[in-house]
Amino acid sequence: MSGEGPVPQAIRKLAPGKLVIASHNPGKVREIAELLGPYGIEPVSAGALDLPEPEETGTTFVANAELKARQAADLSGLPALADDSGLCVEALGGEPGIFSARWGGESKDFDLAMRLVEERLAALGPDVSRDAHFVCALALAWPDGHVEWFEGRVDGTLVWPPRGKLGFGYDPMFVANGMDQSFGEIDPQEKHAISHRADAFRQLVAAVL
14 MSGEGPVPQA IRKLAPGKLV IASHNPGKVR EIAELLGPYG IEPVSAGALD
64 LPEPEETGTT FVANAELKAR QAADLSGLPA LADDSGLCVE ALGGEPGIFS
114 ARWGGESKDF DLAMRLVEER LAALGPDVSR DAHFVCALAL AWPDGHVEWF
164 EGRVDGTLVW PPRGKLGFGY DPMFVANGMD QSFGEIDPQE KHAISHRADA
214 FRQLVAAVL
């Protein structure tokens, strides 16, 4: 799917029990845990296990998700799920894309990241398209090296100033198509029903749970 790594093998089912969430982002870990809760999965974060954060050297969302999942599975001896996600702005040629978190600097300050996106759009003039989409790639890795991949997407437009304190990352400036409120304003359960992460999780649940 990504053009990087081997072709996925036959679908393998994920047994109930512990699953490492290969992320140090508390908002992302919480959201993934809520999505997996009904399936008998016991999520444990990479941060709680003191696993290091790998350098994200992939050129696609899928490649970065895979390298995070593989490392967490190797180091923990448990199945591991990694998410690589980001905001792709049409008028910015798909940026920030896989560098979404890095636009916030070393501290991953998303207020800063959102301002940078808005400044780049404003520099293109008042009539610039504000179309954007979120992408979420999930990689599920086992300690023996088997990996499954899933990718979801949600389309929308960007608003300014940011709205709402819910969600995380770029959520306060993103309004999904067909909605009036930003991802920072809607109830988390409502977001779980329509988000890029929910889209990818629907595919994962159907395939392996």
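Quick note, the sequence shown lines up with residues 14 to 222 if you use this note's numbering. Using N, Cα and C, we set each Cβ at its ideal position, and we do this for glycine too. Keep in mind it's a predicted model, so treat the numbers as computed, not measured.
TODO: Helix, strand or coil for ARG25, going by three-state DSSP, please let me know.
DONE: Walking along the sequence shown from the start, residue 25 turns up at place 12. Coil, per DSSP.
TODO: For CYS101, collect the residues of the same chain with a Cβ closer than 7 Å to its Cβ; drop the 5 residues on either side in sequence, then sort them by chain order.
DONE: Position 88 of the sequence shown, counted from the first residue, corresponds to residue 101. These residues qualify, in order along the chain: GLY107, GLY110, ALA145, HIS146 and VAL148.
Open item on the list: Closest to ALA135 by C-alpha separation, out of VAL33, ASP168 and ALA104, would be which residue?
Closed with: Taking the first residue of the sequence shown as position 1, residue 135 is located at position 122. With distances taken between Cα atoms, ALA135 lies closest to ALA104.
TODO: Ignore the nearest five residues each way along the sequence and tell me which others in ILE207's own chain have a CB closer than 7 Å to its CB.
DONE: Stepping through the sequence shown from its first residue, residue 207 is reached at position 194. Taken in chain order, the residues that qualify are VAL167 and ALA189.
TODO: Could you check what DSSP says for GLU108 in three-state terms: helix, strand or coil?
DONE: For the purposes of this step, residue 108 is taken as the residue at position 95 of the sequence shown. Annotated three-state conformation of GLU108 is coil, per DSSP.
- [ ] From the DSSP output, in three-state form, read off ASP96 for me.
- [x] Mapped onto the sequence shown, residue 96 falls at position 83. In the structure shown, ASP96 sits in a strand (DSSP, three-state: E or B).
- [ ] Could you give the DSSP three-state label for HIS146: helix, strand or coil?
- [x] For the purposes of this step, residue 146 is taken as the residue at position 133 of the sequence shown. The answer is strand: DSSP assigns HIS146 an E or B state.
TODO: Could you tell me how far apart the beta carbons of ILE24 and GLU161 are, in whole angstroms, since I believe they sit closer than 8 Å?
DONE: Counting from one through the sequence shown, the residue named residue 24 turns up at place 11. Counting from one through the sequence shown, the residue named residue 161 turns up at place 148. That belief holds up - the Cβ atoms of ILE24 and GLU161 are roughly 7 Å apart, short of 8 Å.
- [ ] Report yes if the CB atom of GLU69 is closer than 8 Å to the CB atom of HIS37, and no otherwise.
- [x] As a first step, residue 69 must be located in the sequence shown, where it is residue number 56. As a first step, residue 37 must be located in the sequence shown, where it is residue number 24. Their beta carbons are not under 8 Å apart, which means GLU69 does not touch HIS37 by this criterion.
TODO: Compute the distance between the beta-carbons of ALA95 and ALA28, then report whether it is under 8 Å.
DONE: Mapped onto the sequence shown, residue 95 falls at position 82. Mapped onto the sequence shown, residue 28 falls at position 15. For ALA95 and ALA28, no; Cβs fall outside 8 Å.
TODO: Decide yes or no for the touch test of the stretch 81 to 94 against the stretch 45 to 65: beta carbon pairs closer than 8 Å, at least 3 of them.
DONE: yes
TODO: Measure from the alpha carbon of ASP87 to the alpha carbon of each residue in HIS209, LEU32 and TRP155, then state which is nearest.
DONE: Position 74 of the sequence shown, counting from 1, holds the residue named residue 87. Per the Cα distances, TRP155.
Open item on the list: Starting from ALA189, trace the beta strand (DSSP E) in both directions and tell me its first and last residue.
Closed with: Locating residue 189 in the sequence shown gives position 176, counting from the first residue. Start and end: 187 to 189.
Task: Separation of SER98 from LEU217, as counted between CA atoms - done: In the sequence shown, the residue the question calls residue 217 occupies position 204. In the sequence shown, the residue the question calls residue 98 occupies position 85. C-alpha separation (whole angstroms): 15 Å.
Open item on the list: Measuring alpha carbon to alpha carbon, tell me which residue in MET192, ASP212 and LEU153 is nearest ALA82.
Closed with: As a working note, residue 82 is residue 69 in the sequence shown. Measuring from the Cα of ALA82, the nearest candidate turns out to be LEU153.
Task: First through last residue of the beta strand (DSSP E) which encompasses GLY40 - done: Locating residue 40 in the sequence shown gives position 27, counting from the first residue. Segment 39 to 49 is the alpha helix (DSSP H) holding GLY40; no beta strand (DSSP E) there.
- [ ] Report, in whole angstroms, the separation of the C-beta atoms of LEU80 and GLY90, which I expect to be a contact under 8 Å.
- [x] Position 67 of the sequence shown, counted from the start, is the residue given in the question as residue 80. Position 77 of the sequence shown, counted from the start, is the residue given in the question as residue 90. Not confirmed; about 18 Å, so no contact.
Task: Best match in SER120, GLN194 and THR170 for proximity to GLY177 [C-alpha to C-alpha] - done: Within the sequence shown, the letter at position 164 stands for residue 177. Here the closest residue by C-alpha is GLN194.
- [ ] Could you tell me the distance, in whole angstroms, from the CA atom of ALA59 to the CA atom of ASP140?
- [x] Position 46 of the sequence shown, counting from 1, holds the residue named residue 59. Position 127 of the sequence shown, counting from 1, holds the residue named residue 140. ALA59 and ASP140 have their C-alpha atoms spaced approximately 43 Å apart.
Task: Endpoints, the alpha helix (DSSP H) within which LEU32 is located - done: In the sequence shown, counting from the first residue as 1, residue 32 sits at position 19. Where LEU32 is concerned, there is no enclosing alpha helix (DSSP H), although the beta strand (DSSP E) it sits in stretches over 30 to 34.
Task: ASP168 - containing beta strand (DSSP E), residue span - done: The residue you call residue 168 lines up with position 155 of the sequence shown. Counting along the chain, ASP168 sits inside the beta strand (DSSP E) bounded by residues 160 to 171.
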